[in-house]
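Notes follow once the structure below has been shown.
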Amino acid sequence: MTETAATFDALFSPASVAVIGASDNPNKVGGRPIHYMRTFGYTGEVFPVNPGREVIQGYRAYPDLGAIGKAPDAVVIAVSGDATLEQVRQCGAAGVKAAVIMASGFAETGEAGRQRQQELVAVANDSGMRLVGPNAQGTANFASGAVLNFSTMFMEVAPQDGPIAIISQSGAASVMPYALLRQAGYGVRYLVATGNDADLDACAMTAAVAADPEVRLILVYLESVSDPAQLARAAAVARARGASIVAIKAGNSQRGATAAASHTGALVGNDAAIDAFLARHGIWRARDIGELVRAVPLYLQQRPPGQGRTVVMSHSGAVGVMAADLAERHDLPLTELQPATLRELGAILPAFGTASNPLDMTAALLGKGDMFPRVLQALGADPQADMVMVGIPVAGPGYDVEALARDAAAFSAHQAKPLVASAPQQSVREVFVRHGVPAFVTEADAIAALAQYAAHHRLAGAATATETAPAWPDAQHLDGSGLQDEAHSLAMLAEAGVPIVPHRLCDSVDAAVAAFDALGGVPVVVKGCAADVPHKSEHRLVHLRLTDAASVARAARDCLDTLQRLGVASPRVVVATMVKGRHEFALGVSVDPVFGPLVMIGEGGTLLELRKDVVTLLAPFTVQDVKAACARLRLAPLFDGYRDIPALDLDALASSAVALGDWTLRHRTALASVDINPLMVMAVGEGVMAVDAVVELKGD
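The sequence shown begins at 1 in the numbering used here and counts up by one.
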């Protein structure tokens with residue numbers, strides 16, 4: 001057994017547990033873990049440590065750890081923050097493998113507390129001991145009864161073993177989903193609240209429970225991602241055996257660079273990096289606790305959702321219409337039923353029913369007991385019916401709910417297709433749940449659960465396909481620091497492999513006129529070029545569509561004079577070929593300190609920040625990754641051609657994005673951000689061209 005595995009074994013399946021600061025009162029922090037282990041079936045040894053008592057909750061008590069005469073596998077340290085360090089020192093010296101530190105007063109209180117916390121970890125790790133916490137609610141394994149946790153929730157809502165694990169940095173955010181799941185009848189095996197994450201953090205704990213072959217769903221609450229590599233490993237381990245991870249990452253972290261210096265910084269902060277990281281590893285990002293637990297029954301059934309094409313059926317036309325609206329809102333495709341399916345349904349349904357999707361069975365469902373199973377049988381034969389939602393807005397005398405639920409369950413099991421029901425009446429939902437059919441209060445919840453499950457399935461499939469991502473190259477240096485002028489920025493992008501506009505850098509009016517001639521006398525743009533003035537249009541430093549030497553000379557003189565007035569030491573201008581693309585895009589880079597380079601792709605132009613039609617990818621990525629991401633843009637229809645606009649060159653856009661991502665990865669320690677806006681995208685086969693760019697370097 002590896003050291004790490006031995007540590008987690010000590011926490012989740014310990015042969016013995018000591019509780020330092022033990023209390024005879026089960027309502028005190030030092031008393032609850034003892035009460036829980038006694039109540040929830042822990043069969044190992046329990047050693048309460050308290051010098052003031054001889055017996056605690058029926059167990060012999062000890063004055064100190066040394067008096068026990070052996071090293072417990074795990075220790076709960078439930079003393080004050082000031083007394084914690086000495087207890088950690090004693091545990092380490094005794095050979096304890098792992099300890100849960102419940103005391104607060106560490107990094108959450110400021111710098112002095114952070115230093116005390118670092119000392120705590122150093123002392124523990126020096127002796128080979130690992131810590132959960134401090135400021136931790138603790139760990140729990142309800143299969144073994146090893147509940148090293150002080151939450152009151154387990155007194156209110158009794159635990160039961162099951163295929164779900166909950167890992168959280170917050171105590172409250174661990175027990176909220178626990179309560180919702182237990183009250184819905186689902187068992188939870190692991191519940192861990194790690195607190196300050198000083199040593200064994202939430203990412204490491206997620207990796208630990210992912211190794212349990214009986215855990216099929218892991219729910220994670222994070223306020224920071226302190227160890228992305230561990231979280232990525234957890235996702236890979238879970239995915240390899242068909243388990244899923246759903247995570248909440250709370251608190252949108254600070255934005256990167258300011259909008260004044262970088263458009264990308266204004267649009268792509270740490271939160272976008274987390275989105276991209278979780279998506280890359282097949283982890284679904286939930287936005288709230290409701291979404292965290294909503295699709296649980298679908299995850300536990302593990303029926304493949306195919307392409308997510310859904311059939312909505314009800315005996316109410318209104319429910320069908322509302323469900324169709326909801327499906328569109330959630331990007332859940334409704335099935336185009338095959339002609340043969342429609343003919344068969346037409347023969348089954350009454351004349352006033354609707355044999356299309358959504359399917360209206362009408363109140364005739366009351367009198368025809370065989371109608372529902374016959375409809376399901378017809379749908380089961382349709383290759384495009386991947387999932388089914390059954391809406392039951394009302395049931396009572398005359399409705400054989402038991403038969404409906406039994407038929408729905410048989411269909412879902414036999415066809416191996418996800419099927420959910422919605423019903424406002426609890427009595428109806430209880431019947432469906434008893435038969436193993438996921439049931440929701442509203443059609444909105446039912447559709448949202450199906451949409452999440454299908455989209456997560458696609459996400460996990462894409463993550464598996466990109467599992468063998470190449471290792472990061474060695475970081476390379478770039479000379480300079482801060483914002484670079486346009487000419488230098490374009491030169492770096494050309495080196496990266498991004499096509500750039502033909503241009504010349506000029507320090508005089510005569511040089512600008514000569515550049516106009518050298519570029520072939522075509523229409524040109526004259527722009528002021530200074531690192532200190534990244535947003536040129538605001539200072540009237542951009543002159544477009546110049547077609548003769550005299551206008552080029554005037555524009556160059558205006559720009560040079562303006563730059564001089566702005567205090568630029570060596571004013572220069574760029575003379576560039578006037579390029580007209582079919583559509584203006586933007587490419588940008590923000591380098592996240594934890595996750596690395598993040599490349600943004602989206603609609604360009606002056607309204608970039610206003611429209612925010614962007615997608616983001618963590619480098620490295622492939623052309624296929626870019627195409628899949630671009631399909632999520634609101635302007636995605638342009639890639640196939642739209643009205644009189646020919647199809648855009650998506651291949652060239654994707655190749656440029658990949659080149660930029662690879663270059664950024666090589667220079668990740670030197671780069672702060674990159675803005676290419678606009679990147680002119682031409683018609684299919686005609687390529688792309690960067691016509692303006694600002695690169696920001698970190699410097700030394």
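Every residue, glycine too, gets a C-beta built ideally from N, C-alpha and C.
For K70, the number of other beta carbons within 10 angstroms of its own is below 16, and it is reported as exposed. Put simply, of Q384, D370, P424 and I68 the residue whose alpha carbon is nearest the alpha carbon of R406 is D370. Using a Cβ distance threshold of 7 Å, K249 and L219 do not count as a contacting pair. Taking C-beta atoms as the reference points, L697 and S481 count as a pair closer than 7 Å.
For the pair of segments examined, the stretch 234-249 was found not to touch the stretch 319-327: the number of CB pairs separated by less than 8 Å stays below three. Relative to S224, the option among P350, A576, A204 and V526 whose CA is nearest is A204. Under the criterion of beta carbons closer than 8 Å, T335 and R309 qualify as touching, at roughly 4 Å. The straight-line gap separating the alpha-carbon atoms of A451 and P373 is approximately 24 Å.
A check of alpha carbon separations from A556 across A514, D532 and L679 identifies A514 as the nearest. Within the DSSP secondary-structure output, D592 pairs in a beta bridge with G596.
Segment contact: the stretch 142-154 against the stretch 189-200, three or more CB-CB distances shorter than 8 Å; contact assigned. With a cutoff of 7 Å on beta-carbon distance, L587 and I645 are scored as not near each other. In the DSSP assignment, A693 falls outside any alpha helix (DSSP H) and lies within the beta strand (DSSP E) extending over A693 to L697. In its chain, beyond the 5 residues on either side, D73, A74, K97 and A98 have a beta carbon closer than 6 Å to the beta carbon of A10. At the C-beta level, A276 and T664 stay beyond 7 Å of one another. DSSP, read as helix, strand or coil, puts K612 in coil.
At a cut-off of 4 residues, the continuous stretches assigned as alpha helix (DSSP H) that sit fully inside the stretch 99-129 are 111-126. Annotation: R554 is outside any beta strand (DSSP E); the continuous alpha helix (DSSP H) that includes it extends over A549 to R565. Each residue's CA atom was taken as its position, placing R116 and A198 some 11 Å apart.
Across the set D126, E86, V246 and E686, the C-alpha of V246 shows the shortest separation from the C-alpha of H281. For S356, the secondary structure class from DSSP, reduced to helix, strand or coil, is coil. Comparing C-alpha distances from G528 to each of L650, I348 and P571 shows the shortest one belongs to P571.
The continuous beta strand (DSSP E) containing P678 extends over residues L671 to V681. Using a Cβ distance threshold of 7 Å, L300 and R216 count as a contacting pair. The C-alpha of D485 lies about 53 Å from the C-alpha of A5. Its Cα nearest to that of V526, the residue L541 stands out among L541, G461, I274 and V533. For secondary structure counted as the beta strand (DSSP E) over 3 or more consecutive residues, the stretch 436-496 holds no complete run. Beta-bridge analysis with DSSP links F47 to A18.
DSSP, reduced to helix, strand and coil, places R632 outside both helices and strands of the structure shown, so it counts as coil. Comparing alpha-carbon positions, the option among G128, L638 and L519 lying closest to V579 turns out to be L519. CA-CA distance, M600 to S673, rounds to 11 Å. For the pair L120 and A286, the Cα-to-Cα distance works out to about 34 Å. Within the same chain, and ignoring the five residues on either side of I348 in sequence, the residues whose Cβ sits closer than 7 Å to its Cβ are M371, R374, V375 and A378.
Looking from the CA of R582, the closest CA among G605, V574, V591 and L598 belongs to G605.
Taking 7 Å as the cut-off, the beta carbon of P620 is found closer than this to the beta carbon of G661.
The beta carbon of V428 sits closer than 7 Å to those of I392, A395 and V401, all from its chain and outside the five residues before and after it, given in chain order.
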